[in-house]
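K.L.:
Chains A and B, in that order, give the protein sequences.
Each residue of the first sequence is one higher than the last, beginning at 1 in our numbering.
Each residue of the second sequence is one higher than the last, beginning at 635 in our numbering.
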Amino acid sequence: MLSKSLLVLAVLFAASPLSAADPEQELRRLAFRQRAAQAKTWEDPYWHKLLYYEESLFGRVRSASLNPKFFLAKWGDINPRLELEAAIDGLYYEGADNDSPECLFPERYRWLKEKLSIPAGEFPARACSSFENWKAGLDVESVSLLFAAGYLNNPSTLYGHTFLRLHKRGGQGADLLDYTVNYAATAEEESGLFFAIKGLVGAYPGQFATIPYYLKIQEYHNLENRDLWEFPLNLTPDEIDRLLRHCWELGKASFPYLFFTRNCSWQLLPLLDIAKPELDVSRRFTFWVIPSDTAKAVLEASPPAAPGWRPSLWKTVEWKRSQLNQEEREAVLGLAKRNQAEELKKLESMHYERRAAVLEAAVDYLSWRFYARRIGKQELDDRTDPLLAARAPLGQVTTFTGGPARPPSITDAHESLRLGAGLVALKNGPAYELRARFAMQDLLDDPAGYLPDAALEMGSLRLRYEPRYNRYYFKEAKLARVLSLNPWDAWVQRQSWEINAGLEQAPETGRQSGRAAVWAMNAGSGLAVEWDGPVRQLWYAMLQADSAFGPALEANWRLGGGVKAGVLLEKDKFRGLAEARYIGYALGDSSPLWAGSLGASYKLAKDSSLRAEYAWRGEVKEAGIYFHRFLFAP
Amino acid sequence: MKKVLLTAVVLGAFGAAAFAADYGAAGCGLGSLAFKKNDMTQVLAATTNGTFGSQTFGMTFGTSGCNNEGLVKVGMARQSFIEANYKDLSRDVAKGNGEYVTNLAKLYGYTPENTWQFTQLLQKNHNAIFAPNDVQTAVNTIDKLVASI
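1. Is there a Cβ of chain A sitting closer than 8 Å to that of B/Phe764, yes or no?
2. For chain A, is any of its Cβ atoms less than 8 Å away from the one on B/Phe752?
3. Could you name the residues of the segment 472–491 of chain A whose beta carbon sits closer than 7 Å to any beta carbon of chain B, in the order they occur along the chain?
4. Considering A/Trp368, what are the terminal residues of the alpha helix (DSSP H) in which it resides?
5. Using C-beta distances below 7 Å, list every residue in its chain close to A/Val181, excluding the 5 sequence neighbours before and after it, in chain order.
6. Is A/Gln38 buried or exposed, if buried means 16 or more other CB atoms sit within 10 Å of its CB?
7. By Cβ distance, which residues of its chain are closer than 6 Å to A/Gly308, with the 5 residues on each side in sequence left out?
8. Distance cutoff 8 Å, beta carbons only. Does A/Ala174 sit that close to anything in chain B?
9. Looking only at its own chain, which residues have a Cβ that is under 6 Å from the Cβ of A/Ala389, when we skip the five neighbours before and after it?
10. Taking 8 Å as the threshold (beta carbon to beta carbon), is A/Gln218 in contact with chain B?
11. Of all the beta strand (DSSP E) runs that stay within the bounds of the segment 526–570 of chain A, which reach a length of 3 or more residues?
12. When you compare only the Cα positions, how much space is there between A/Ser299 and A/Ala480?
13. Can you tell me the Cα-Cα spacing of A/Gly429 and A/Asn470, whole angstroms?
14. Assuming A/Met440 and A/Leu456 make a contact with CB atoms under 8 Å, what is their CB distance in whole Å?
15. Give me the residue from A/Gly502, A/Ser367 and A/Val281 with the minimum Cα distance to A/Asp546.
16. Taking DSSP as the reference, what is the three-state secondary structure of A/Asn522?
17. Can you list the residues of chain A that B/Ala718 reaches, using a CB-CB cut of under 9 Å?
18. Of all the CB atoms in chain B, is at least one closer than 8 Å to the CB of A/Ser130?
19. 8 Å is my cut-off, CB to CB: does B/Met710 come that close to chain A?
20. Take A/Arg369 as the anchor and find which of A/Thr384, A/Asn486 and A/Ile410 has the nearest alpha-carbon.
21. Given that B/Ser724 touches chain A, what residues does it touch there, using C-beta distances under 7 Å?
22. So, is the C-beta of B/Leu779 closer than 8 Å to a C-beta in chain A?
23. To the nearest angstrom, how far is the alpha carbon of A/Leu57 from that of B/Phe715?
24. Assign A/Leu443 to one of three DSSP states: helix, strand, or coil.
25. CA-CA distance, A/Lys135 and A/Ser63?
26. Figure out for me which residue from A/Leu50, A/Arg536, A/Ser349 and A/Ala541 has the closest Cα to the Cα of A/Gly524.
27. In chain B, what lies closer than 9 Å to A/Gly76 by C-beta?
28. Can you round the beta-carbon distance between A/Glu504 and A/Val518 to whole angstroms, since I take them to be within the 8 Å contact cut?
29. What does A/Gly584 pair with, by DSSP beta-bridge criteria?
30. Can you find a C-beta in chain B that's less than 8 Å from the C-beta of A/Val298?
31. Does the beta carbon of A/Pro304 come closer than 8 Å to any beta carbon on chain B?
32. 8 Å is my cut-off, CB to CB: does A/Gln396 come that close to chain B?
33. Using 8 Å for Cβ pairs, my map puts A/Phe285 next to A/Gln267. What's the rounded Cβ distance?
34. Can you pull the chain A residues whose beta carbon is under 8 Å from the beta carbon of B/Ile755, in chain order?
35. Between the segment 415–433 of chain A and the segment 323–330 of chain A, are three or more C-beta pairs nearer than 8 Å?
36. Helix, strand or coil for A/Tyr472 per DSSP?
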């Protein structure tokens with residue numbers, strides 16, 4: 001592979017400028033160059049889009065692509081003009097058609113020929129068999145945007161993922177056989193902090209790939225247990241052709257993969273902008289990019305269409321379980337966990353239709369247990385094979401009807417950025433507060449479209465002004481908080497957990513308001529129990545480890561552990577949260593922390609809510625009311 | 635003693651949270667790559683033989699199941715499908731319906747009208763196809779069954 005592409009490169013460079021075959025042609029070549037020079041064709045925005053040229057603050061132009069194969073000219077990555085002239089010369093390439101610049105970069109040449117009004121008969125048509133075979137293999141009829149919902153129990157998938165699905169012509173009923181266009185960072189096997197840092201600074205190049213849809217389903221639906229949403233993009237045949245031509249070019253590109261800005265989700269946007277220039281979505285993001293936001297941006301710019309939904313593996317298991325009675329559920333657990341041969345014998349007394357249902361549910365449950373790492377491959381095989389062997393002879397039986405209940409999609413979700421303002425009553429008078437949070441939800445925000453029973457907060461700021469001291473200070477400046485409450489389920493048996501890091505005020509130290517900032521980090525795990533009454537209740541309790549650093553503390557730090565417990569209440573637009581924690585400190589400042597809060601929120605509209613909070617921390621108490629507004633990320 | 639207990643709680647809680655969070659890193663969220671790969675991604679890699687993950691279109695790789703353009707070779711489509719979806723396929727064949735078996739029917743040239751024949755044929759022979767737990771056996775047996783009608 002390497003040698004071949006090197007050869008192509010060598011040919012391109014050595015023959016550059018590629019000379020024409022005879023003087024007549026040479027004059028034509030120079031004429032095209034002149035035509036381009038007169039019109040300054042290289043300044044055309046589309047040329048800049050196709051080559052990912054970006055302008056720096058100092059006006060220097062540079063392509064985002066790191067891969068030299070993406071350019072024809074030696075300095076093509078920093079000079080749009082040289083690249084365009086090399087493209088003109090490339091028209092006279094004399095090697096094999098498949099290696100010709102025209103076949104390597106079909107969309108660039110489609111545009112260039114149109115822009116320079118090169119007559120169709122000027123050059124004999126290139127036979128790009130490689131590209132044409134690829135295109136024919138995909139045989140795309142339509143394109144949709146796929147969104148894999150976030151999944152909290154895997155930190156790298158907190159925010160979800162987006163990719164494109166290329167629907168094969170006449171592929172109805174054979175969804176799995178389609179391909180996807182996926183952008184991801186490519187990295188060698190490595191781990192640890194070094195790995196994370198390298199990722200953050202873009203040391204791993206991101207590349208596009210066409211991956212069979214069934215593998216993406218394995219990955220998201222099975223392995224990571226996430227819902228997959230599918231939003232049709234309604235591209236016309238011309239737009240699809242443009243998309244494919246440019247995808248082919250992107251096979252030679254690689255970009256620095258940056259988690260917050262140039263991530264998997266953003267890199268799809270320039271591609272969509274090229275396919276459908278009216279979308280113009282790539283410019284909507286400047287500072288950070290959240291996959292659900294990119295999906296929203298694309299959907300806003302597309303005609304409305306009903307999304308498709310593929311429930312996660314667990315949702316499928318849960319739905320099947322809901323159609324089993326108590327005895328049948330016990331049987332499933334028996335087949336999955338106890339002496340299977342005995343349990344299979346017991347099943348014989350069951351009506352064959354119900355037996356089929358139990359067997360199917362048990363197989364799915366075992367599959368979930370495997371993907372959730374509860375059992376290994378050997379146990380999966382040992383336990384599912386006899387079940388399937390017992391199920392097959394029962395023949396065609398209707399076992400389960402309907403399907404899992406569809407949750408609200410991201411199009412129903414509040415925007416990701418939250419701003420707020422509030423009035424706070426302190427013991428010594430009022431304070432005013434401004435809030436900003438970059439992403440995404442806490443327990444009191446409406447979770448529609450996001451994960452339920454979870455908090456995922458990044459960059460949460462609470463700026464206070466206290467007139468009594470004429471003082472501004474951060475009540476809180478949180479870097480990150482992730483909380484995943486998993487209602488206890490006998491089949492899942494998953495713990496709840498939380499991690500937290502950021503600046504906060506520790507008034508329990510006895511300092512004046514605004515003079516007690518500490519850097520606090522904590523983590524906890526525990527259990528949650530759900531009670532689905534007229535008001536849904538989710539009770540939870542956790543063991544928590546807590547640490548803090550700051551001059552407000554004696555010895556400047558403390559480290560300890562304790563308990564935290566609370567209850568979340570939900571009823572239509574109302575949500576309530578009561579929480580208390582007690583932490584004892586073994587090291588550093590050893591005075592214990594006793595703190596808690598009561599909060600209630602009322603959803604006014606999709607993107608606004610009212611909130612009331614009462615909180616205590618040591619002896620210091622406060623109450624406040626706040627207005628929250630959700631906005632699309634800048 | 636109190637300090638020891640507290641320290642134990644601290645370590646325990648951190649440990650548990652770390653464990654709960656350490657699920658692995660397939661996929662590409664904001665933070666993809668930041669966490670080490672775990673057994674499950676290796677399972678996925680094993681399932682797919684690593685043949686597709688690194689395939690980039692327009693490049694000339696030459697891995698077993700893939701053509702030069704990064705798509706599954708036409709002649710390998712059935713085998714690749716069966717290999718990558720072995721467990722799901724086995725389940726769908728046993729219950730006699732489901733998308734894995736209908737998609738495979740399409741790869742064997744069945745139409746939506748006669749897919750039921752394929753489905754029933756496989757269901758009746760589930761044991762012969764899947765009991766050996768071997769991809770190649772499954773492929774050969776299905777090929778033979780389809781040819782026998």
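Built from N, CA and C at the ideal position, the CB exists for glycine as well.
Note that the structure is a prediction, hence the values are computed from the model and not measured.
P.N.:
In terms of the structure at hand:
1. Chain A contact via Cβ: present.
2. Taking Cβ atoms only, chain A never reaches closer than 8 Å to B/Phe752, which makes this a no.
3. Within the segment 472–491 of chain A, no residue has a Cβ that lies closer than 7 Å to any Cβ of chain B.
4. Per DSSP, A/Trp368 belongs to the alpha helix (DSSP H) from Tyr352 to Tyr371.
5. Correct list, in chain order: Phe163, Leu164, Leu166, Phe208, Thr210 and Cys247.
6. Residue burial is scored here from C-beta neighbours: A/Gln38 has fewer than 16 other C-beta atoms within 10 angstroms and is therefore classed as exposed.
7. So the qualifying residues of the chain are Glu230.
8. Judged by the 8 Å Cβ criterion, A/Ala174 is in contact with chain B.
9. If we look at A/Ala389 and ignore the five residues flanking it on each side, it has no Cβ neighbours.
10. At least one chain B Cβ lies under 8 Å of A/Gln218.
11. Every beta strand (DSSP E) stretch that sits fully inside the segment 526–570 of chain A and reaches 3 residues is listed by chain position as 536–549.
12. According to the sequence provided, residue 299 of chain A is Leu. The question's Ser does not apply to it. A/Leu299 and A/Ala480 have their alpha carbons spaced roughly 28 Å apart.
13. Their backbone Cα atoms lie some 12 Å apart in a straight line.
14. Yes, they are in contact, since the Cβ atoms of A/Met440 and A/Leu456 sit about 5 Å apart, within 8 Å.
15. By alpha-carbon distance to A/Asp546, the top candidate from A/Gly502, A/Ser367 and A/Val281 is A/Gly502.
16. For A/Asn522, the secondary structure class from DSSP, reduced to helix, strand or coil, is strand.
17. The answer, in chain order, is Pro212, Tyr214, Leu215 and Gln218.
18. By this cut-off, A/Ser130 is an interface position.
19. No, its Cβ sits nowhere closer than 8 Å to a Cβ of chain A.
20. Minimum Cα distance to A/Arg369 is reached at A/Thr384.
21. By Cβ distance, chain A contributes Leu388.
22. Not one chain A Cβ lies under 8 Å of B/Leu779.
23. Roughly 49 Å separates the two Cα atoms.
24. The DSSP-derived three-state label of A/Leu443 is coil.
25. The straight-line gap from Cα to Cα measures roughly 26 Å.
26. When only C-alpha atoms are compared, the closest one is A/Ala541.
27. Listed along chain B, no residue sits closer than 9 Å to A/Gly76 by beta-carbon distance, the nearest being about 17 Å off.
28. Here A/Glu504 really is in contact with A/Val518; their C-beta atoms are around 6 Å apart, less than 8 Å.
29. Within the DSSP bridge table, the entry for A/Gly584 names A/Gly561 as partners.
30. Under the Cβ distance rule, A/Val298 does not count among the residues neighbouring chain B, no pair being separated by less than 8 Å.
31. It does not; no Cβ of chain B falls within 8 Å.
32. In terms of beta-carbon proximity, A/Gln396 lines the interface with chain B, with at least one pair separated by less than 8 Å.
33. Actually they are not in contact, since the Cβ atoms of A/Phe285 and A/Gln267 sit about 11 Å apart, beyond 8 Å.
34. It is Leu, not Ile, that sits at residue 755 of chain B in the sequence shown. Going along chain A, no residue has its Cβ under 8 Å from B/Leu755, so there is no contact; the nearest lies around 12 Å.
35. Judged by Cβ distances under 8 Å, the segment 415–433 of chain A makes no contact with the segment 323–330 of chain A, as fewer than three pairs qualify.
36. The three-state secondary structure of A/Tyr472, taken from DSSP, is strand.
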